[in-house]
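Chemist: Supplied in structure tokens, the structure appears directly below.
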Amino acid sequence: MKKYRWTTHKIVRETADSLSIYFDTGEQPISFLPGQYLNLRCVIDETLVIRSYSFSSQPADAFPSITIKCVAGGKMSNYLWSHAEQIDLWEIDGPFGTFYLDQAVAQKRQVVLLAGGSGISPLYSMLKSSTAQSVVPLLIYANKSPEETIFLEALENLVAAGKLAAHYAFSAPDFSAVDSRYTAGRFSKTALSSLLDQQQAHLSDAHYYLCGPVGLIDLYVSVLRSLGVSPENIHTEFFDSTAIPKTPAVISDDGIVKDVLVHYMDDTYFNDELHTYQCTSLIEVSGGQSLLEAMQNHNIKVPSSCKNGTCGVCWAVKTDGEVHMVNNHTLTERDIAEGIVLLCQSYPMNQEVSISLG
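Going from the sequence shown to our numbering is simple: count from 1 and add 969.
As structure tokens, then:
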């Protein structure tokens, strides 16, 4: 997990309200898993805004890409829709996310992708990354209309080549189904159950990857559970982080204030010039106080966003000591093994904790 400064390779307008940004990584290539996401930083109206976007490219692509759909009130998405071509330099960090395609699973088992709207982005990355030859993936994809369906032409090309089976639902009132693979209106529980039954996709060893609006994911999960699919085979990615179940942050307070060593970079203006210094501070962390809260109380600048262990913005490296991380919906086992923690969810457990900010 690193920070990157990339330039633009190209901008592709996918639909009337979505676009893909392809990055030129230059001397800073990134390694990610299909389904993971990055955090993008932009200064909008003199305020730093950080948002998470899934990779829509596959790891082998020369130019990694993300796909963004405009949403009502979306500060970042609407800004990028209007200004993407004018942005010369992109501030990136990542990759993040535990929602990704396991190639070992894809080689041996049926893979079913269930999407809604721009939820196709990480699933498209998975689809392009799948090297399975024996079992064709199945895509079930809900949108308002064919014109608003991201990657529709590319998906249909895969269907024509025999590399994908796909079924779509279009909810626009004036849509008329002209193809047996199209459903007019929203997916219902009965329609989905019937569709999965026809496709023989609800096999006990199949794996299901779901991404989209909360209500649609709830419907997909409900149908899969009614078909007897094991929860271990259902993998979900929510756009709304508040929908993700959280473990309450119950940390026992032993009454001992912990001293934590923090290494970080700080910017200071001197004679109208920006100077960056490497700093080290010993801060006090009270019982029941997260590392993020303590650092902010000591005026150490730490970027943060969700504060519930979902976005990954406040990641840092634990170089010594023991911390307890309550919720984690973004770090992989490899990240954790390398000492990476989410500051908003991490609590020092002894006096030897040392943290290095990325």
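The C-beta atom is built at its ideal place from N, Cα and C for all residues, glycine as well.
Taking I1305 as part of the alpha helix (DSSP H), name the residues at either end of that continuous run.
Modeler: Segment E1302 to A1306, the alpha helix (DSSP H) holding I1305.
Chemist: My guess is that I1013 and S1025 are in contact by the Cβ rule of under 8 Å, so how many angstroms apart are they, rounded?
Modeler: No, I1013 and S1025 are not in contact; Cβ-Cβ is about 22 Å, not under 8 Å.
Chemist: Inspect the beta-carbon positions of T984 and I1119 and report whether they are closer than 7 Å.
Modeler: The answer is yes: Cβ separation under 7 Å.
Chemist: If I follow the unbroken beta strand (DSSP E) through R1010, where does it start and stop?
Modeler: Segment Y1006 to I1013, the beta strand (DSSP E) holding R1010.
Chemist: For the segment 1084-1099 against the segment 996-1012, are there 3 or more C-beta pairs whose distance is under 8 Å?
Modeler: A contact exists between the segment 1084-1099 and the segment 996-1012.
Chemist: Pick helix, strand or coil for A985, following the three-state DSSP scheme.
Modeler: If DSSP states are grouped into helix, strand and coil, A985 belongs with coil.
Chemist: In chain order, what residues of the same chain have a beta carbon less than 7 Å from the beta carbon of N1202, not counting five sequence neighbours either side?
Modeler: Same-chain partners within the cutoff: A1175, H1176 and Y1177.
Chemist: Judging by CA-CA distance, which residue of L1311, A1135, P1064 and G1154 is the nearest neighbour of Y973?
Modeler: The candidate whose alpha carbon is nearest that of Y973 is P1064.
Chemist: In or out: K971 buried (at least 16 other Cβ within 10 Å) or exposed?
Modeler: So K971 ends up on the exposed side.
Chemist: So, for Q1027: in the same chain, excluding its five sequence neighbours on each side, which residues have a beta-carbon less than 8 Å away from its beta-carbon?
Modeler: So the qualifying residues of the chain are P1003, S1094, K1097 and S1098.
Chemist: Following the continuous alpha helix (DSSP H) through L1161, name the residue where it begins and the one where it ends.
Modeler: Segment K1158 to Q1168, the alpha helix (DSSP H) holding L1161.
Chemist: Compute the distance between the beta-carbons of S1114 and F1144, then report whether it is under 7 Å.
Modeler: A contact, by the Cβ cut-off of 7 Å.
Chemist: Straight-line CA distance for M1234 to Y1246?
Modeler: The alpha-carbon atoms of M1234 and Y1246 are separated by roughly 6 Å.
Chemist: If you draw a straight line from the alpha carbon of F1032 to that of T1205, how long is it in whole angstroms?
Modeler: Each residue's alpha carbon lies about 26 Å from the other.
Chemist: Thinking C-alpha only, which one of I1056, S1325, V1198 and A1263 is nearest K1227?
Modeler: Measuring from the Cα of K1227, the nearest candidate turns out to be A1263.
Chemist: Between the alpha carbons of S1259 and E1253, how many angstroms are there, rounded?
Modeler: If you take the alpha carbons of S1259 and E1253, they lie about 11 Å apart.
Chemist: Please name the residue in C1283, E1242 and E1060 whose C-alpha comes closest to that of Q997.
Modeler: The residue with the shortest Cα to Cα distance from Q997 is E1060.
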